[in-house]
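Working notes for the structure below.
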Amino acid sequence: MPQSSRIVLASASPRRLELLASAGIEFDVFASDIPEEPIPGEAPADFSVRLAKDKAVATAARTEGRWFIGADTIVVCDGEIMGKPADEADAVRMLKKLSGVSHEVITGYAIYDKERDGILCKPVVTKVFFKGLRDDEISAYVATGCPMDKAGAYAIQGGAAYMVERIDGSYTNVVGLPLCEVVEDLRTLGAL
Ligand SMILES: Cc1cn([C@H]2C[C@H](O)[C@@H](COP(=O)(O)OP(=O)(O)OP(=O)(O)O)O2)c(=O)[nH]c1=O
């Protein structure tokens, strides 16, 4: 594939890589290093889209390629934006808050076309309903270490699968990349 037509996934997330690869798309991967802090008063969806854009554009500035995909996943529960937990105590706190209630998972994504200097970006929202969690379920799950690099301290595709009663919306969006939307946009842009 010529350098100029390459798709680049601007991410260190193994979940995003697996999802995009599962669609049969050829791409390169370069991790971005963007600070992930909300601006006071920033709406959750705006925050996730801003980070997605920053990841895509920052990676494009230092890497060969044409289309750069950035994404950011957050959990929003009762107005709180949950990124990755700071430590195990924070993971326990997050899971206790998610127990027995519904929350939103928002993945903002951006596709930056370096050649045209244009960007397409949007947030995708999935509603997730958790069963009530017992304290021993939470502590056993946190002890696995799995929650530590996941927004909201859980992985729907991993050890937290049994905690999810149902979802309303895209499953791949919860895992980290709304595949249906991203593939459709790549086609519309002429990247595929
Ligand atoms: C809610 C949820 C999140 N996650 C993951 C997806 C993301 O990798 C992570 C949220 O962190 P992000 O900051 O969105 O992504 P990242 O730091 O892992 O990767 P990068 O910024 O380099 O693209 O949480 C799951 O794997 N399963 C889930 O059920």
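So the sequence shown is residues 1 to 192, counted in full-length UniProt numbering.
Cβ atoms here follow ideal geometry from the backbone N, Cα and C, with glycine treated the same way.
For Y141, collect the residues of the same chain with a Cβ closer than 6 Å to its Cβ; drop the 5 residues on either side in sequence, then sort them by chain order.
-> Sequence index remark: in the sequence shown, residue 141 carries index 141 (1-based). Same-chain partners within the cutoff: G159.
Where DSSP assigns a beta bridge to V49, which residues make up the other side?
-> Numbered from 1 along the sequence shown, position 49 holds the residue referred to as residue 49. Paired residue(s): none; V49 is not in a bridge.
Consult DSSP for T59 and reduce its assignment to one of helix, strand or coil.
-> Mapped onto the sequence shown, residue 59 falls at position 59. Helix.
Consider the C-beta atom of A110 and the heavy atoms of ligand 1; say whether any pair is separated by less than 7 Å.
-> For this step, residue 110 is matched to residue 110 along the sequence shown. Checking every heavy atom of ligand 1 against the Cβ of A110, none is found closer than 7 Å.
Where does L179 land, buried or exposed, given buried means 16+ other C-beta within 10 angstroms?
-> For the purposes of this step, residue 179 is taken as the residue at position 179 of the sequence shown. Buried, because 16 or more other Cβ atoms sit within 10 Å of the Cβ of L179.
Simplified DSSP assignment, three categories, for A153 = Walking along the sequence shown from the start, residue 153 turns up at place 153. Helix, per DSSP.
Terminal residues of the continuous alpha helix (DSSP H) containing residue 275?
-> Here the chain has residues from 1 to 192 only, and residue 275 is not among them.
Three-state secondary structure (DSSP) at R16?
-> For the purposes of this step, residue 16 is taken as residue 16 along the sequence shown, with counting starting at 1. Correct three-state label for R16: helix.
CA-CA distance, S32 and K84?
-> Residue mapping note: residue 32 aligns to position 32 of the sequence shown, counting from 1. Residue mapping note: residue 84 aligns to position 84 of the sequence shown, counting from 1. Distance between the alpha carbons of S32 and K84 is about 16 Å.
Beta-bridge pairing of L120 - partner residues as DSSP gives them = Taking the first residue of the sequence shown as position 1, residue 120 is located at position 120. The partner list for L120 (beta bridge, DSSP) reads I111.
Under the DSSP definition of a beta bridge, which residues are partnered with V164?
-> As a working note, residue 164 is residue 164 in the sequence shown. According to DSSP, which records beta bridges pairwise, V164 is partnered with F130.
Can the beta-carbon of G108 be found closer than 8 Å to that of A71?
-> Taking the first residue of the sequence shown as 1, we reach residue 108 at position 108. Taking the first residue of the sequence shown as 1, we reach residue 71 at position 71. It is a contact, given that the beta carbons lie within the stated cut-off.
Can you tell which of R6, A21, A10 has its C-alpha closest to the C-alpha of T172?
-> Here residue 172 refers to the residue found at position 172 when the sequence shown is read from its first residue. Ranking R6, A21, A10 by Cα distance to T172 puts A21 first.
Say yes only if the C-beta of E36 is nearer than 7 Å to one or more non-hydrogen atoms of ligand 1, and no if none qualify.
-> By one-based count along the sequence shown, residue 36 stands at place 36. Checking every heavy atom of ligand 1 against the Cβ of E36, one is found closer than 7 Å.
Please say whether L9 and residue 195 have beta carbons closer to each other than 8 Å?
-> With the chain running from 1 to 192 in the structure shown, residue 195 is simply not present.
Taking buried to mean at least 16 other C-beta atoms within 10 Å of its own C-beta, is Y162 buried or exposed?
-> Taking the sequence shown and counting its residues from 1, the one referred to as residue 162 is at position 162. Exposed.
Pick helix, strand or coil for M1, following the three-state DSSP scheme.
-> Taking the first residue of the sequence shown as position 1, residue 1 is located at position 1. Confidence in M1 is poor, its pLDDT being 46 and thus under 50, which makes the residue's placement too unreliable to answer from.
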